[in-house]
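Undergrad: Got a structure for you, written out below as structure tokens; questions coming shortly.
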Ligand SMILES: [Zn+2]
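Residue numbers (this note's numbering): 4 to 191.
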């Protein structure tokens, strides 16, 4: 069975900034283990890359054990550390990168991992839907920043599409891993 684990619980101060504050942000960083596929989603930005290295070590993993990095979308707070994993293939909206080669990815990445386009926050947003013992876990990036938040995404480039994407994710997911908060259960 596939395992999904939040390695780093993300945060953002973008929702509570006073004018004099400096914004701080960190995406939620997730590990997916699916057979021989060891996947890190959104290695992001971090106060220190050691935080992620330590979390991987707790799972018995070294950098080169990770063979895929998945990126939910192209905002820098989600992808800046992709280079921490030189051996891993990188999967994002436009392709699956193997070194300098940009290959196409398959919507059904494995029997238990489906890749869905969920535009709205950005036009290149993906959701990774993983079948687990608990049910369907949707790793949705900033489709939701935190549990059912924000109602009105100030950074969304297409609000109509975001509303559709949110509806879709809520319909198919039993659990959601949002872009900047902890995993939560969907109330059905
Ligand atoms: Zn974000």
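The C-beta atom is built at its ideal place from N, Cα and C for all residues, glycine as well.
Compute the minimum distance between the beta carbon of residue 185 and the heavy atoms of ligand 1, and state whether it is under 7 Å.
TA: Numbered from its first residue, the chain shown carries residue 185 at position 182. Set against 7 Å, the gap from the CB of residue 185 to the closest heavy atom of ligand 1 is not smaller.
Undergrad: Using the rule of at least 16 other Cβ atoms within 10 Å of the residue's Cβ for burial, across every protein chain shown, is residue 71 buried or exposed?
TA: By 1-based counting over the chain shown, the position of residue 71 is 68. Burial call: buried.
Undergrad: Compute every distance between the C-beta of residue 81 and the non-hydrogen atoms of ligand 1, then say whether any falls below 7 Å.
TA: Within the chain shown, residue 81 is the residue found at index 78, counting from 1. Checking every heavy atom of ligand 1 against the Cβ of residue 81, one is found closer than 7 Å.
Undergrad: What residues in its chain sit with their C-beta under 8 Å from that of residue 110, if we drop five residues either side in the sequence?
TA: If you number the chain shown from 1, residue 110 lands on position 107. 117, 118, 119.
Undergrad: Taking just the CA atoms, how far does residue 87 sit from residue 159?
TA: Translated into the one-based positions of the chain shown, residue 159 becomes position 156. Translated into the one-based positions of the chain shown, residue 87 becomes position 84. C-alpha separation (whole angstroms): 28 Å.
Undergrad: Specify the secondary structure class of residue 106 as computed by DSSP and reduced to three states.
TA: As a first step, residue 106 must be located in the chain shown, where it is residue number 103. Of the three classes helix, strand and coil, the one that applies to residue 106 here is strand, per DSSP.
Undergrad: Name, in chain order, the residues that DSSP records as bridge partners for residue 90.
TA: Position 87 of the chain shown, counting from 1, holds the residue named residue 90. Answer is none; residue 90 lacks a bridge partner.
Undergrad: I'd like to know if the stretch 7-15 and the stretch 35-53 are in contact, where contact means that at least 3 CB-CB pairs between them fall below 8 Å.
TA: Yes, the stretch 7-15 touches the stretch 35-53.
Undergrad: For ligand 1, is there a heavy atom less than 7 Å away from the beta-carbon of residue 98?
TA: Within the chain shown, residue 98 is the residue found at index 95, counting from 1. No, since every heavy atom of ligand 1 falls outside the 7 Å radius drawn around the Cβ of residue 98.
Undergrad: Within the continuous alpha helix (DSSP H) that includes residue 175, where are the two ends?
TA: As a working note, residue 175 is residue 172 in the chain shown. Unbroken alpha helix (DSSP H) run through residue 175: 162-175.
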